[in-house]
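Enquirer:
Number of protein chains: 2
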Amino acid sequence: MSEDNKIILSSRELPRKWYNVLPDLPKPAPPPLDPSTQQPITPDKLLAIFPESLIMQEVSSERWIDIPEEILNIYTIWRPTPLVRARRLEQYLDTPAKIFYKNESYSPPGSHKPNTAVAQAYFNKKEGVKRLTTETGAGQWGSALAFGCNAFGLECMVYMVKISYEQKPYRRVLMETWGANVVPSPSTKTKFGREVLEKDPECLGSLGIAISEAIEDAVTRDDTKYSLGSVLNHVLLHQTIVGLETKKQFEMAGVEPDVLIGCVGGGSNYAGFFLPFVPLKLEGKRDIRFIAVEPKACPTLTKGPYTYDFGDTAETTPLLKMHSLGHNFIPPGIHAGGLRYHGMAPIVSLLCDEGIVEPRAYHQIEVFESAVTFARTEGLVCAPETAHAIKAVFDEALRCKKEGKEEVIAFNYSGHGFFDLAAYDAYFSGKLQDYDYEPRKKQG
Amino acid sequence: MSEDNKIILSSRELPRKWYNVLPDLPKPAPPPLDPSTQQPITPDKLLAIFPESLIMQEVSSERWIDIPEEILNIYTIWRPTPLVRARRLEQYLDTPAKIFYKNESYSPPGSHKPNTAVAQAYFNKKEGVKRLTTETGAGQWGSALAFGCNAFGLECMVYMVKISYEQKPYRRVLMETWGANVVPSPSTKTKFGREVLEKDPECLGSLGIAISEAIEDAVTRDDTKYSLGSVLNHVLLHQTIVGLETKKQFEMAGVEPDVLIGCVGGGSNYAGFFLPFVPLKLEGKRDIRFIAVEPKACPTLTKGPYTYDFGDTAETTPLLKMHSLGHNFIPPGIHAGGLRYHGMAPIVSLLCDEGIVEPRAYHQIEVFESAVTFARTEGLVCAPETAHAIKAVFDEALRCKKEGKEEVIAFNYSGHGFFDLAAYDAYFSGKLQDYDYEPRKKQG
Chain A
27 MSEDNKIILS SRELPRKWYN VLPDLPKPAP PPLDPSTQQP ITPDKLLAIF
77 PESLIMQEVS SERWIDIPEE ILNIYTIWRP TPLVRARRLE QYLDTPAKIF
127 YKNESYSPPG SHKPNTAVAQ AYFNKKEGVK RLTTETGAGQ WGSALAFGCN
177 AFGLECMVYM VKISYEQKPY RRVLMETWGA NVVPSPSTKT KFGREVLEKD
227 PECLGSLGIA ISEAIEDAVT RDDTKYSLGS VLNHVLLHQT IVGLETKKQF
277 EMAGVEPDVL IGCVGGGSNY AGFFLPFVPL KLEGKRDIRF IAVEPKACPT
327 LTKGPYTYDF GDTAETTPLL KMHSLGHNFI PPGIHAGGLR YHGMAPIVSL
377 LCDEGIVEPR AYHQIEVFES AVTFARTEGL VCAPETAHAI KAVFDEALRC
427 KKEGKEEVIA FNYSGHGFFD LAAYDAYFSG KLQDYDYEPR KKQG
Chain B
27 MSEDNKIILS SRELPRKWYN VLPDLPKPAP PPLDPSTQQP ITPDKLLAIF
77 PESLIMQEVS SERWIDIPEE ILNIYTIWRP TPLVRARRLE QYLDTPAKIF
127 YKNESYSPPG SHKPNTAVAQ AYFNKKEGVK RLTTETGAGQ WGSALAFGCN
177 AFGLECMVYM VKISYEQKPY RRVLMETWGA NVVPSPSTKT KFGREVLEKD
227 PECLGSLGIA ISEAIEDAVT RDDTKYSLGS VLNHVLLHQT IVGLETKKQF
277 EMAGVEPDVL IGCVGGGSNY AGFFLPFVPL KLEGKRDIRF IAVEPKACPT
327 LTKGPYTYDF GDTAETTPLL KMHSLGHNFI PPGIHAGGLR YHGMAPIVSL
377 LCDEGIVEPR AYHQIEVFES AVTFARTEGL VCAPETAHAI KAVFDEALRC
427 KKEGKEEVIA FNYSGHGFFD LAAYDAYFSG KLQDYDYEPR KKQG
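Chains as they are written, first to last, in this note's numbering: chain A, 27 to 470; chain B, 27 to 470.
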């Protein structure tokens, strides 16, 4: 063929260390606070839910953290992932820009999420933990953790928001295929769940309730810890495998990216992609732009104040310094379920607050339009979350066309849309709605 | 990591020619017959439904057929595909055998099928065809053709068996995402469809009816031709890209396969995989065993006579010399929909009849057991069709364990199971049934 569109790394070139941005941040990251004291939380308070090694990663000042061989052995099932030139899309947009996407959809669960699920399962296993709990909405994170736990022989208990458990059986079955136990939340398995059900037996559930059940389960059993799919520093650390590979791939191709784009819900997929490039920008070596894309329905970075807030609705987590729409905010039912989170990774929030990251928000219908165009040009059908990044890529490519600039635009293709075709169906049927954010009155 | 488990080819190493086994068959392939004359069908009779270039491929005696650059450019979206060592499975089975799988699930539609859909769309386009029709059951083939047509700007009309159209909306939506039109069959779009509906307005449809509608549509419009997803020689030709890459990958790894396994419905995915190895066996250079695996519910090779029969229920195709359970046979509703075909590719049938290919059949529940084990060892969740190959791999690996043999067993991982999780759900709920084949009384 005329050109080689894919930059492939061999298994031997898989990065062997994660990159920890904490020591390189433009200012120190404000610590998480203990809500009962309003003082920085002490690690021991977290030991009931996280293993020590992950707590250490959470606060580490080491720039490079070794990836254990056992984790690399699982990563190689699908990693390194390809970095692909989207020539057909460029032609369609008639842009001088060069567009690349990092394809994270080849993992068995179909997204970037196992990069951390596998790591977390390993570190827990190493410390004698037998079982992990977590919450999941539509099932994207739950299936990734089920996969990770299966890889290391841990039991996996997933509290799945009840309405999703009933409406979307397929990710649940995927979790069961990897040996996880999945219960609809609110459930009778926890005290909190039973309380919720007593007040409202018909309760459809929410992520906030499911998180509370998963955490209660973890703190009440010695053999069990809790696992989170995004937001926290150690999760972003694990995800940097994405950006580290991308860096190598660009070096191999002799190409330097100008714009790095990704969608943000909790912030981990995009952070994994762009954080390894942050030092280049901070040291003035390269004028790269980092664009974080979110839904207008849940505009955490574009409209949420940078403040201390709980990570969950039930107020059981420490207080995190992050952009937040308020922990009581329930986002509208947009299809990009992974982006329906009130908060944002503290690392991403800080970089946004410092002007290093540019936030941007789009409506639901326009992102699906872009997703369909991407499917019809590049062939791949993406997750609704990923579609947000694609919309921004289109806009940047059209800006390049207008300005006559041959910039290199790269984005994280965070996951496939095979489990979201009901959303595409709604789009084709004209049943999608756009939502704007309306700040609620503060609850007393 | 300790070993590199994946053998990766670069885009530059993508094979540039397909392999045509016809000149190398142990005896000449019996030609398709015109049902009205019982004489070999003349190519002109097929021009109403196939473009000339595909008809020429169907009967070609050229051993190597160039793959046009335009097709290679689309193949490179996901090809070459990895050949992967299944070490965890080997350890689980405690076998000295070395197990490899060729991962065809990375294509945008998720299986091997676009290898031919893309080719067929190109050759039709080149001859001025504007529109292709086809039939599909659960949607595996329909989505591949939608993808192929979209790649070359052809319209795509898919007649989808009505019960599947209603029960399984997601593959339909995938087809629509790639721009295809999908109608439930029987439909009012064709005379045949209208006749069926008049007799039975509640008719749930069948592949046989859908094929007839798709063919009628093609013959009644000058701008339209028909496309088939399996069985015919030209389809198997296109699929040899799979086996040709596999051959290169084994050569790169310095490994020689002893057993090649694949599931068979119409025969194209397995044929694509093993045909390039056939000359080695026929020339006595290598004692490779070829094992074709089918469902006991539809045991075409293991129980069907090798005879001339129609390719479809409505008797509109030429008569093909193939193993067949009879064109009126309606297989039970096993979940491996792609294997529910009464006939078999003439090439595969001939090689089976000559003892070159060993057929084997399994029940539904045991293949799902293997699929779940594969998911829990190697991480990947396969299509129910592919699970049949996996079951045979297990049995061969356990034979090697018993005999103390370090044979190299390779199979075609023909597709992922993300659209078949309802089947896994039925398996976990104990709702799967096994079916045996009961020959029907001959219809008068």
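Heads up, the beta-carbon is just placed ideally off N, CA and C, and yes, glycines get one too.
Does any C-beta atom of chain B lie closer than 8 Å to the C-beta of G364 (chain A)?
Expert: Interface residue (Cβ-Cβ distance to chain B less than 8 Å): G364 (chain A) is not classified as such.
Enquirer: CA-CA distance, N46 (chain B) and K128 (chain B)?
Expert: 20 Å
Enquirer: Kindly list the residues whose CB is nearer than 7 Å to the CB of E411 (chain B), restricted to its own chain and excluding five residues on each side of it in sequence; keep chain order.
Expert: C289, G291, A362, G364, L365, S440 and G441
Enquirer: For I34 (chain B) and N99 (chain A), I'd like the C-alpha separation in whole angstroms.
Expert: 16 Å
Enquirer: What does I103 (chain A) reach in chain B if we use C-beta pairs closer than 7 Å?
Expert: G405
Enquirer: From the DSSP secondary-structure annotation, give me the bridge partner or partners of M186 (chain B).
Expert: B:T162 and B:P210
Enquirer: Using 8 Å as the limit for Cβ to Cβ distance, is K451 (chain A) near chain B?
Expert: With the sequence shown as reference, residue 451 (chain A) is identified as Asp, and Lys is not the correct amino acid for it. For D451 (chain A), the answer is yes, since a Cβ of chain B falls inside 8 Å of its Cβ.
Enquirer: Residues in the same chain with beta-carbon distance under 8 Å from Q472 (chain A), minus the five sequence neighbours each way, listed in chain order, please.
Expert: Nothing in the structure corresponds to residue 472 (chain A), since chain A is present only between 27 and 470.
Enquirer: Taking Cβ positions, are V434 (chain B) and E282 (chain B) nearer each other than 8 Å?
Expert: Going by C-beta atoms, V434 (chain B) is nearer than 8 Å to E282 (chain B).
Enquirer: For E432 (chain A), which residues in the same chain have their Cβ closer than 8 Å to its Cβ, ignoring the five residues on either side in sequence?
Expert: P122, A123, K124 and C426
Enquirer: Determine the DSSP secondary structure at Q65 (chain A), reduced to helix, strand or coil.
Expert: Note: Q65 (chain A) maps to coil in three-state DSSP.
Enquirer: On the three-state DSSP scale, how would you describe W90 (chain B)?
Expert: strand
Enquirer: Report back the beta-carbon spacing between R157 (chain A) and M183 (chain A) to the nearest angstrom; my notes put them in contact at under 8 Å.
Expert: 6 Å
Enquirer: Check whether the region 236-254 of chain A touches the region 89-108 of chain A, taking contact to mean three or more Cβ pairs, one atom from each stretch, closer than 8 Å.
Expert: no
Enquirer: Closer than 9 Å, Cβ to Cβ, to anything on chain B: give me those residues from the region 172-204 of chain A, in chain order.
Expert: F173, N176, A177, P195, Y196, R197, R198, V199, L200, E202, T203 and W204
Enquirer: So if DSSP puts R386 (chain A) in a beta bridge, which residue, or which two residues, is it bridged to?
Expert: A:V319
Enquirer: Verify the CB distance criterion: does K128 (chain B) have a CB-CB separation below 8 Å to chain A?
Expert: no
Enquirer: Just curious, the beta strand (DSSP E) that F437 (chain B) is in, first and last residue?
Expert: V434 to Y439
Enquirer: Straight-line CA distance for K151 (chain B) to L180 (chain B)?
Expert: 7 Å
Enquirer: Counting along the chain, where does the alpha helix (DSSP H) carrying N141 (chain B) start and finish?
Expert: P140 to K152
Enquirer: Express the C-alpha separation of W44 (chain A) and H264 (chain A) in angstroms, rounding to a whole number.
Expert: 6 Å
Enquirer: Measuring straight from C-alpha to C-alpha, what distance separates T266 (chain A) and Y332 (chain A)?
Expert: 24 Å
Enquirer: Mind pulling the chain B residues with CB within less than 8 Å of F445 (chain A)?
Expert: F444
Enquirer: At least one CB of chain B closer than 8 Å to the CB of R30 (chain A): is that the case?
Expert: The sequence as given places Asp at residue 30 (chain A); Arg does not occur at that position. Taking Cβ atoms only, chain B reaches closer than 8 Å to D30 (chain A), which makes this a yes.
Enquirer: Measuring only the C-alpha atoms, how far is V407 (chain B) from Y367 (chain B)?
Expert: 23 Å
Enquirer: With a threshold of 8 Å between beta carbons, is Y334 (chain B) in contact with chain A?
Expert: no
Enquirer: In terms of residue numbering, what span does the alpha helix (DSSP H) encompassing F538 (chain B) cover?
Expert: Absent from the model: residue 538 (chain B). The displayed extent of chain B is 27 to 470, so no value can be given.
Enquirer: Check this for me: beta carbons of P212 (chain B) and E192 (chain B), under 8 Å apart or not?
Expert: Cβ atoms of P212 (chain B) and E192 (chain B): not closer than 8 Å.
Enquirer: Give me the DSSP bridge partner(s) of H442 (chain B).
Expert: B:C408
Enquirer: Closest to T342 (chain B) by CA distance: which of B:L233, B:A112, B:L40 and B:R38 is it?
Expert: B:L233
Enquirer: D92 (chain A) CB to nearest chain B CB: under 8 Å?
Expert: no
Enquirer: Residues of chain A with CB under 7 Å from I34 (chain B), in chain order?
Expert: I34 and S36
Enquirer: Following the continuous alpha helix (DSSP H) through G288 (chain B), name the residue where it begins and the one where it ends.
Expert: Premise fails: G288 (chain B) lies in the beta strand (DSSP E), V285 to C289, not in any alpha helix (DSSP H).
Enquirer: Work out the CA separation of P385 (chain A) and R89 (chain A) for me, nearest whole Å.
Expert: 26 Å
Enquirer: Consult DSSP for Y132 (chain B) and reduce its assignment to one of helix, strand or coil.
Expert: helix
Enquirer: Look up I34 (chain A) in the DSSP assignment and say whether it is helix, strand or coil.
Expert: Reduced to three states, the DSSP call for I34 (chain A) is coil.
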